[in-house]
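Q: The following block contains the structure, expressed as C-alpha cells.
Protein chains: 2
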Amino acid sequence: MANDNITAPRGFLASGVSCGIKKSGKFDLGLLVCPTGANAAAVFTTNKIVSSAVQISRKHIKSRTTSAVIANSGNANACTGRLGLNNAVKMCVETAAHIETNPHKVLVASTGIIGKQLPIDKITKGISKAITKLSASGSAGLDFAKAIMTTDTRPKQAIGQIEISGEKITIAGAVKGAGMIAPNMATTLCFITTDAAISRPLLKSALKTSIGNSLNKLTVDGHQSTNDTAIILASGLAGNRLIVSRCPRFRKFEKMLTEFCDDLARQMALDAEGATRMFKVVVTGAATKSDARKAARAIADYPLVKCAVNGSDPNWGRIICAVGDCGAKLKPEELSCKIGNITVFKNGNPVRFDVKKAGRIISQTQHTITIDLAAGRQSDFCYGCDLSTGYIKINAGYHT
Amino acid sequence: MANDNITAPRGFLASGVSCGIKKSGKFDLGLLVCPTGANAAAVFTTNKIVSSAVQISRKHIKSRTTSAVIANSGNANACTGRLGLNNAVKMCVETAAHIETNPHKVLVASTGIIGKQLPIDKITKGISKAITKLSASGSAGLDFAKAIMTTDTRPKQAIGQIEISGEKITIAGAVKGAGMIAPNMATTLCFITTDAAISRPLLKSALKTSIGNSLNKLTVDGHQSTNDTAIILASGLAGNRLIVSRCPRFRKFEKMLTEFCDDLARQMALDAEGATRMFKVVVTGAATKSDARKAARAIADYPLVKCAVNGSDPNWGRIICAVGDCGAKLKPEELSCKIGNITVFKNGNPVRFDVKKAGRIISQTQHTITIDLAAGRQSDFCYGCDLSTGYIKINAGYHT
C-alpha cells in the first residue's frame with residue numbers, strides 16, 4: 001500500500017514537527033485533523049494522578065464530534081497544577097483557532113517527563129508550523145508517528161483493511177512505548193483513525209474490547225503512567241451503512257480493530273525500553289478469570305523471570321515461584337508448566353527436558369510460557385518482555 | 001566482643017562445611033545445635049508453593065523443644081515432589097542420629113535453585129563432617145553464616161545484648177539475601193539464637209512482631225520465595241526468670257529483637273543482588289494502614305524508581321506515578337513528597353528545589369523518600385534498594 005500510516009483512511013490529515021520541547025531537535029509535536037469531523041472514542045489511564053491533557057481530553061471527548069488531536073512528546077504535563085491545566089487548554093484553543101473549530105472538538109495528549117511545565121510559547125509556534133505541514137500523505141502520517149515517540153527506538157504503526165457491506169474499510173494508527181507500561185484500561189499513547197461509519201457508543205465499545213485484549217495485556221514494568229490515552233477517530237467516509245447495532249458488521253469491525261491493536265501491542269513489547277525479545281504468558285486451569293489474569297501478570301512482571309528470558313535461560317522455578325506468590329488459587333501437586341512446546345514441570349514434579357532446546361526457544365524474538373493451575377477452567381494471557389541492562393541504562397539517568 | 005556470631009549466646013554450637021552442592025567448593029551446609037534443647041519459634045513463606053524443607057519444618061516446629069537446625073544453600077529443594085520431601089526428612093534423620101535426638105527436634109532449611117533434586121549422598125556425608133566441626137567459637141558461627149549464602153557477597157550477622165532482671169541476655173544470628181525477596185510473614189533464611197529464658201508462645205509472638213517490622217518491610221524484587229524461613233532458638237541459659245507474660249521484661253526483649261532484625265534487614269538491602277544503595281519509603285497521611293503499606297511497597301518495587309535511585313536522579317514524577325497507580329486513597333491536589341529533607345512536590349504542585357543537592361542525598365548509602373497522601377492519619381514504611389545492571393548480570397544466567 002502506498003500509505004500505511006495514520007493518514008491512510010479517508011478523511012484525515014496529519015503532521016509532525018519539532019517545536020523545541022526535546023533538546024535533541026527531534027519531532028515532538030504531532031497534529032491529526034479530520035476536517036469533516038469524526039465520531040471519537042477514548043480510554044484513559046486509571047492512575048489516580050493524571051496529566052493535565054487527560055483531564056482536558058476526558059471533558060472534550062464528550063463533544064458530539066471531534067476535529068483534531070494535538071499531541072506532544074518530551075513533557076508529560078503531569079503534576080503541574082493549575083498552570084499545567086491552563087497549558088493543556090491552550091493547546092486545544094490554539095489548534096481550534098487554526099482549523100476554525102470549537103476547542104471542545106480538539107483532544108490533547110502529552111507524554112514525557114513528569115513534573116515540568118510545558119514550554120507553551122514554543123508549542124504555540126509549533127502548532128502554527130504543524131498546521132502548515134498538514135497533509136494526507138503517508139510521509140505526513142509517519143511524521144506524526146515520530147512526533148509521539150519518547151524512548152522508542154522506532155515509530156510503531158499498523159494498518160488493517162476489511163470489506164463491510166461492499167465497502168472497503170481502513171483502520172490505521174500509531175502508538176508510542178516504551179516504559180511505564182502496564183495494562184489497565186489504556187496503555188501509553190495510541191491514536192487510531194478509521195473511515196468506517198460507526199456510531200459513537202459502538203466505537204467506544206469496540207475500542208474498549210480491542211484495547212482490553214491487546215494493549216492492556218502488555219506489561220513492561222508494571223505501572224500504567226499518568227498519561228495513558230487511546231483515541232480512535234472515525235470519519236465515516238468509507239461509505240458503509242452506519243453501524244448502529246451489535247450486528248455481524250460490528251463484530252467484523254471489532255475483530256479487525258482487535259487484531260490491529262494486537263499488532264501494535266507486540267510492536268510495543270519488542271521496542272520496550274532495553275527489550276531484546278518478548279514473551280506471551282498463557283494461564284489455563286484457573287478458578288476465575290481474575291485469577292488467570294493475576295497469575296499471567298505476576299509472571300510477566302517478575303524481574304527474575306524477565307532476567308531469565310534475557311539470558312535465554314529455562315529457569316522455570318522462577319515462573320512457579322511467581323505463580324505461587326500471586327494469590328491465585330492453585331493445586332501445587334497438579335501444577336504444570338511449558339516453555340514453548342516443551343513441558344518442564346508436570347503435576348508438581350520436575351520433568352527431564354532438553355535444556356539447550358528450551359534455551360533456543362527462549363532466545364527467539366517471541367515465545368510462549370504456559371502454566372496450568374489445575375484449579376478450574378478459566379484462562380487469560382499477558383505479554384511481557386525481557387529485562388536487560390539496557391533498561392537500567394535508559395532509566396538510571398533519564399531526568400538530568 | 002570476642003564472639004559476635006550466632007554462637008555468642010550461651011548454649012549453642014555451630015559449623016559450616018562444603019559438601020559439594022555448590023560447584024565452587026564454597027560452604028553450602030550449616031549446622032546449628034542446642035545440646036540442652038531450645039524453645040523454638042518460626043515464621044515461614046506464605047507462597048502457595050513451598051519447599052520440602054518448609055513443609056517438614058512446619059511440622060517439626062510443633063515439637064516441645066528443638067535441638068538442631070540443618071540448612072543447605074545451592075539448592076532450594078522446591079518443586080521436587082515426593083523425592084524432595086523424603087530428602088528433607090532424611091536431612092533431619094541424619095542430623096538427629098548424630099546428636100542422639102528425635103528427628104522431630106531438628107528443623108531443616110534450604111535455599112538455592114528451584115526444581116533440582118538434592119545430592120542427598122553428598123549432604124549425608126556433609127552432615128557427618130559438620131558434626132565433627134561443631135564448636136561454640138566465633139569462627140564456627142561465621143562458618144555457619146557463610147554456609148547459608150547464595151548470591152550474597154558477604155555474610156550477614158548481627159548481635160544484641162540487654163539486661164533483664166539483672167541477667168545479661170544475648171541475641172545473635174545470621175541471615176542470607178539477596179534476591180527473590182519481598183515482605184510477607186517471613187523473608188529469606190534467617191536464624192536467630194538467644195540465651196533468654198522465654199516461653200514458646202511469647203517467643204513466637206516476639207518473632208512475628210520483630211520480623212513484621214523489619215525483614216518483612218524489605219523488598220528487593222517483589223516476590224517472596226518458596227523457601228522463606230525465620231527461626232529463633234532460645235536456650236534459656238542466661239539465668240533470667242522465665243518470661244511467661246507480656247510484662248516489661250517481655251517488651252524489652254521484643255524491642256531488642258526488633259532492633260536486631262532491623263539491622264539484618266538493612267544489611268540485606270545493602271547486599272541485595274546488584275544493589276549499590278538502599279532507601280526507606282515512609283508513607284504518611286494514609287486513610288488506612290493497609291493503604292500506607294501498599295503505597296510504600298508500590299514505590300519501593302517500581303523499577304523506574306529503583307533505576308532513578310541507581311542514577312542518583314531526583315526523578316520524583318516516578319514516585320508520584322507509582323503512588324497514583326497503587327490503589328491507595330489519596331488527594332491529588334494535596335499530595336506532597338520529600339527526598340531526604342528536600343520538598344520536591346507540595347499540595348499537588350512541583351516545587352523548585354536544588355536538584356544537585358537532592359542528587360547527593362540519593363547517592364548516599366541510605367536515604368528516605370517521604371510521601372503524604374493527605375487522606376488520613378495512618379503511616380507505614382518499606383525498605384528498598386536500587387536496580388542496577390549488576391542485578392541483570394547476576395540473574396540473566398543463574399541457571400545454566
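First to last, the sequence lines map onto chains A and B.
Residue numbers for the first sequence follow our numbering, beginning at 1 and rising by one.
Residue numbers for the second sequence follow our numbering, beginning at 1 and rising by one.
From the three backbone atoms N, C-alpha and C, an ideal C-beta is built for every residue, glycine too.
1) What is the rounded straight-line gap between the Cα of Thr365(B) and the Cα of Thr193(A)?
2) Output the residue ranges of the beta strand (DSSP E) runs that lie fully inside the segment 222 to 265 of chain A and measure 3 residues or longer, sorted by chain position.
3) Taking the CB atoms as reference points, tell me whether Val89(B) and Ile56(B) lie closer together than 7 Å.
4) Across the segment 58 to 75 of chain B and the segment 20 to 28 of chain B, are there enough close Cβ pairs to call them in contact, namely three or more that are closer than 8 Å?
5) Could you tell me the distance, in whole angstroms, from the CA atom of Thr45(B) to the CA atom of Ile61(A)?
6) Using a C-beta to C-beta distance shorter than 7 Å, which residues of chain B count as neighbours of Asp228(A)?
7) Between Gly239(A) and Ile6(A), is the Cβ-Cβ spacing less than 7 Å?
8) In whole angstroms, give me the CA-to-CA distance for Val33(A) and Phe260(A).
9) Give a yes or no on whether the C-beta atoms belonging to Leu304(A) and Arg293(A) are separated by under 7 Å.
10) Where does Arg377(A) land, buried or exposed, given buried means 16+ other C-beta within 10 angstroms?
11) When the distance is taken between beta carbons, is Asn77(B) closer than 7 Å to Ser110(B)?
12) Take Arg266(A) as the anchor and find which of Asn315(A), Thr226(A), Ser214(A), Asp313(A) has the nearest alpha-carbon.
13) Which partner residues of Glu167(A) appear in the DSSP bridge assignment?
14) Name the residues in the segment 346 to 371 of chain B whose C-beta lies less than 8 Å from a C-beta of chain A; which are they?
15) Compute the distance between the beta-carbons of Gly324(A) and Ile164(B), then report whether it is under 7 Å.
16) Among the residues of its own chain, which have a CB less than 7 Å from the CB of Asn315(B), if the five just before and after it don't count?
17) List the residues of chain B whose Cβ lies closer than 7 Å to the Cβ of Ser403(A), in chain order.
18) Any contact between the segment 198 to 208 of chain B and the segment 239 to 250 of chain B? By contact I mean 3 or more CB pairs, one from each, below 8 Å.
19) Within 7 Å (strictly less), CB to CB, does Thr389(A) reach chain B?
20) Looking only at its own chain, which residues have a Cβ that is under 6 Å from the Cβ of Asn87(A), when we skip the five neighbours before and after it?
21) Would you mind stating whether Thr150(A) and Gly126(A) have Cβ atoms separated by less than 7 Å?
22) Which of the three DSSP states is assigned to Lys294(B) in this structure?
23) Consult DSSP for Met149(A) and reduce its assignment to one of helix, strand or coil.
24) Taking the C-alpha atoms as reference points, what is the distance between Ser139(B) and Asp4(B)?
25) According to DSSP, is Phe44(B) part of a helix, a strand, or is it coil?
26) What separation, rounded to the nearest whole angstrom, lies between the Cα atoms of Ile171(B) and Lys306(A)?
27) If you measure from the beta carbon of Ala396(B) to each beta carbon in chain A, is any gap under 7 Å?
28) Starting from Leu85(A), find everything on chain B with Cβ-Cβ shorter than 9 Å and list it in chain order.
29) List, from N- to C-terminal side, the alpha helix (DSSP H) runs of 4 residues or more that fit wholly inside the segment 44 to 76 of chain B.
30) Could you check if Lys352(A) is buried or exposed, using at least 16 other CB atoms within 10 Å of its CB as the buried criterion?
31) One question on the structure: do Val282(A) and Phe345(A) come within less than 7 Å of each other, judged by their Cβ atoms?
32) Using a Cβ-Cβ cut-off of 7 Å, state whether Cys79(B) counts as contacting chain A.
33) Which residues bound the beta strand (DSSP E) around Cys79(B)?
34) Using a Cβ cut-off of 9 Å, which residues of the segment 293 to 315 of chain A contact any Cβ in chain B, in chain order?
35) For Asp143(A) and Leu13(A), what's the separation of their Cα atoms in angstroms?
36) Who are the Cβ neighbours of Ala358(B) in its own chain at under 6 Å, not counting the five residues just before and after it?
A: Considering the structure as presented:
1) 50 Å
2) 229 to 234
3) yes
4) yes
5) 48 Å
6) Within chain B, no residue comes near Asp228(A); the closest Cβ sits about 10 Å away, beyond 7 Å.
7) no
8) 21 Å
9) no
10) exposed
11) yes
12) Ser214(A)
13) Ile164(A)
14) Gly348, Asn349, Pro350, Val355, Gly359
15) no
16) Ala308
17) The structure shown does not extend to residue 403(A), since chain A spans only 1 to 400, so no value can be given for it.
18) yes
19) yes
20) Leu118, Ile120
21) no
22) helix
23) coil
24) 10 Å
25) strand
26) 39 Å
27) yes
28) Ordered by position in chain B, no residue passes the 9 Å Cβ test against Leu85(A), which lies about 11 Å from the chain.
29) 52 to 60
30) The sequence as given places Arg at residue 352(A); Lys does not occur at that position. Arg352(A) comes out exposed.
31) no
32) yes
33) Where Cys79(B) is concerned, there is no enclosing beta strand (DSSP E), given that its DSSP letter is neither H nor E.
34) Ala298, Asp301, Tyr302, Pro303, Leu304, Lys306, Cys307, Ala308, Val309, Asn310, Gly311, Ser312, Asp313, Pro314, Asn315
35) 11 Å
36) Pro314, Ile339, Ile342
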